[in-house]
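One structure is given here, and the rest of the page talks about it.
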Amino acid sequence: MIRRSTSMLGTIERIWRYPIKSTGGELLDEAAVDARGLVGDRLYAVRDAEGKFGSGKNTRRFRRMPGLLRLRSRYPGGVVPKGPELLAPDGVPVPDPTVYVRRYLGRSDVEVAREDTVSHFDQLPLSLLTTATLDWVRAAVPGVPVDERRFRPNLLVRTPPGTPAFVEDEWFGSTARIGDTLRIRFERSSERCVMTNEAQQDLPHSPLILRAIAQAHDMRLDALATVAQPGCVRLGDTLELA
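In structure tokens:
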């Protein structure tokens, strides 16, 4: 009989990176991870003349810019230093990201800018979501298309059968290893906002998603982590308590 180690939390099923904040991201087979998070993740953002970053909400740092999630971004050939490529809703790369977003948003005061002194992250460097929690969301809003893109995690973790929803809560305060060298520390969960309801690519707008999370789990979903030791994450890596 094969015994499952109690320290094994799951395996890495998908790796997501979002070169330009608040746009759709790119799927990777592997990614380097440093103290800032996945190398190149949200390194760029749509920024207005007041220095606020394009988002799905209005806050001290962010400016609501509807429609950004219908766009996607990627690093051509996976090479971060060359800068990101922006893809229009039809999937075609645009020649100049800043020129395009100005026309797309109908605003002349925005640009696609690299991170400077102010972080582009809403909260912490890494976001992990389990398939157990994702399956719960799907069951809570039948008829609404739901996949992990709604929640913009960096890592989707395939959990063992029978794992309860919101199992991520049990990880807070612990350190885990991914692959050979990467170590992360689970800190807390994300407080979800209207971006979970927004339309993106083939996912339609639906207010039911955020409503279900609010009623069942106080608007919180996923596990946010800091990087305790840089390394690399690959598809199929195990996530284990260190």
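All residue numbers for the sequence shown refer to the numbering used here, where the first residue is 167 and numbers rise by one. No residue lacks a Cβ here, since even glycine has one placed at the ideal position from N, Cα and C.
Which of helix, strand or coil DSSP assigns to residue i
i      : result
PRO373 : coil
ARG162 : The shown model of the chain, from 167 to 408, leaves out residue 162, and the question about it has no answer.
LEU271 : helix
THR325 : coil
ASP346 : coil
GLN395 : strand
LEU294 : strand
LEU401 : coil
LEU209 : coil
MET167 : Confidence at MET167 is low in this model, with a pLDDT of 34, below 50, so its placement is unreliable and the value that follows should be read with caution. Note: MET167 maps to coil in three-state DSSP.
GLU334 : helix
GLY233 : coil
PRO259 : strand
Assigned exposure category for residue i - 16 Cβ within 10 Å defines buried
i      : result
SER173 : exposed
GLY220 : buried
MET167 : With a pLDDT of only 34 at MET167, under 50, the local geometry of the prediction cannot be trusted, and the value read off the model is given with reservation. It counts as exposed.
SER356 : buried
ARG351 : buried
GLN366 : buried
LYS187 : buried
GLY206 : buried
ASP282 : exposed
PRO242 : exposed
Straight-line Cα distance separating residue j from residue i
i      : j      : result
LEU301 : THR329 : First, the residue type needs correcting, since residue 301 is Asp and not Leu in the sequence shown. Cα to Cα, ASP301 sits roughly 11 Å from THR329.
ARG180 : LEU193 : 7 Å
GLY402 : VAL323 : 9 Å
GLU251 : ARG268 : 16 Å
ALA279 : ALA331 : 37 Å
PHE317 : GLU277 : 25 Å
ARG343 : LEU376 : 31 Å
VAL260 : VAL246 : 17 Å
ARG273 : GLU406 : 46 Å
GLU216 : PRO327 : 48 Å
ASP200 : VAL393 : 7 Å
ASN224 : PRO232 : 11 Å
SER239 : GLY176 : 28 Å
PHE287 : ARG208 : 7 Å
ALA211 : ASN363 : 21 Å
SER255 : LEU235 : Per the sequence presented here, residue 255 reads as Pro, with Ser not at that position. The straight-line gap from Cα to Cα measures roughly 9 Å.
ALA380 : VAL310 : 17 Å
GLY203 : ASP388 : 16 Å
ARG230 : LYS218 : 9 Å
THR341 : THR299 : 20 Å
Limits of the unbroken alpha helix (DSSP H) element including residue i
i      : result
THR362 : Neither: THR362 is in no alpha helix (DSSP H) and is coded neither H nor E.
When the options are compared against residue i, the one with the closest alpha-carbon
i      : options                           : result
PRO373 : VAL360, SER239 and GLN381         : VAL360
ARG354 : GLU277, ASP256, SER293 and VAL303 : SER293
VAL399 : ALA198, LEU175 and LYS187         : ALA198
LEU390 : ARG304, ASP346 and LEU295         : LEU295
PRO308 : ALA378, PRO291 and THR264         : ALA378
HIS383 : LEU175, VAL393 and ARG358         : ARG358
THR347 : TYR270, PRO396, LEU253 and THR297 : PRO396
PRO291 : VAL310, ASN320 and ALA408         : ASN320
VAL312 : VAL265, THR297, LEU369 and TRP337 : LEU369
TRP337 : VAL303, ALA408 and TYR241         : ALA408
Enclosing beta strand (DSSP E) for residue i [first to last residue]
i      : result
ARG304 : No beta strand (DSSP E) contains ARG304, which is instead part of the alpha helix (DSSP H) from 297–306.
ASP313 : Here ASP313 belongs to no beta strand (DSSP E), and DSSP marks it neither H nor E.
ASP200 : 196–200
GLU406 : 404–407
ARG183 : 174–183
SER340 : Note, SER340: premise wrong, no beta strand (DSSP E); not H, not E.
LEU252 : 251–253
Any chain D beta carbon closer than 8 Å to residue i
i      : result
VAL307 : The structure shown contains no chain D, having only a single protein chain.
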